[in-house]
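Numbering (our numbering), first residue to last: 46 to 206.
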């Protein structure tokens, strides 16, 4: 599974800042608040998935209770490159806060904790999207389009970029 990759980044960022600053740069309350606000941000995660689709594509965003997961449902073909962009865009919700965490002064422990907790949620929550990208790149050719239909992802010929 690809979950260890985002987890390694999250732990590496914390260890790097802690070691580099010589002190713990976060508060537990800040981390908890960041994690708690990271959960409703899953709706923003799904909205980010919708951005690469054209305006005429119908995008439905909802919650799948059996899997305890938010979902963006779209039956519209995307070029392979655009599909990868669509799947990876939500990583911004982790990468941006973690970058800000690294840049924030060590004395701002509450803000650092919030940025770290929110960034950890934003980087770890899209790990299924990372798996989807790996599968799509392994199993499809460069010139194809990809489209979700029902519970599956299908490849079809495509001439768009």
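Ideal placement from N, C-alpha and C gives every residue a C-beta, glycine not left out. This structure is a prediction, so every number in the text was calculated from the model and none was measured.
Who are the Cβ neighbours of residue i in its own chain at under 6 Å, not counting the five residues just before and after it?
| i | result |
| --- | --- |
| residue 53 | none |
| residue 103 | none |
| residue 60 | none |
| residue 66 | 151 |
| residue 143 | 58, 164 |
| residue 51 | 168, 169, 172 |
Based on DSSP bridge pairs, tell me the residues matched to residue i.
| i | result |
| --- | --- |
| residue 194 | 197 |
| residue 202 | 189 |
Ignore the nearest five residues each way along the sequence and tell me which others in residue i's own chain have a CB closer than 8 Å to its CB.
| i | result |
| --- | --- |
| residue 109 | 115, 116 |
| residue 267 | Because the chain is modelled from 46 through 206, residue 267 falls outside the range shown and cannot be assessed. |
| residue 88 | 106, 115 |
| residue 134 | 93, 94, 96, 97 |
For residue i, which of the options has the nearest alpha-carbon?
| i | options | result |
| --- | --- | --- |
| residue 92 | 187, 118, 123, 80 | 118 |
| residue 21 | 65, 96, 136, 106 | Nothing in the structure corresponds to residue 21, since the chain is present only between 46 and 206. |
| residue 94 | 177, 49, 185, 182 | 177 |
| residue 181 | 113, 58, 148, 128 | 128 |
| residue 171 | 184, 138, 183, 96 | 138 |
| residue 113 | 85, 186, 101, 185 | 85 |
| residue 90 | 140, 184, 101 | 140 |
Just to confirm my understanding: we take residue i, look at its own chain, exclude 5 residues before and 5 after, and list those with CB closer than 7 Å. What are they?
| i | result |
| --- | --- |
| residue 120 | 192, 193, 194 |
| residue 162 | 75, 76, 77, 78, 79, 80, 83 |
| residue 189 | 125, 200, 201, 202, 203 |
| residue 132 | 174, 177, 178 |
| residue 55 | 165, 168, 169 |
| residue 187 | 125 |
| residue 149 | 156, 157, 160 |
| residue 49 | none |
Contact defined as beta carbons within less than 8 Å: I believe residue i pairs with residue j. What is the distance between those atoms, to the nearest angstrom?
| i | j | result |
| --- | --- | --- |
| residue 146 | residue 58 | 7 Å |
| residue 72 | residue 155 | 5 Å |
| residue 98 | residue 123 | 7 Å |
Got a sec: does the ligand FAD put a non-hydrogen atom nearer than 8 Å to the Cβ of residue i?
| i | result |
| --- | --- |
| residue 70 | With respect to the ligand FAD, the structure shown offers nothing to examine, as it has no ligands at all. |
Quiz item: Quick one: complete beta strand (DSSP E) runs, 3+ long, within the stretch 69-146?
Solution: Entirely contained in the stretch 69-146, the beta strand (DSSP E) runs reaching 3 residues are, in chain order, 105-109, 114-118.
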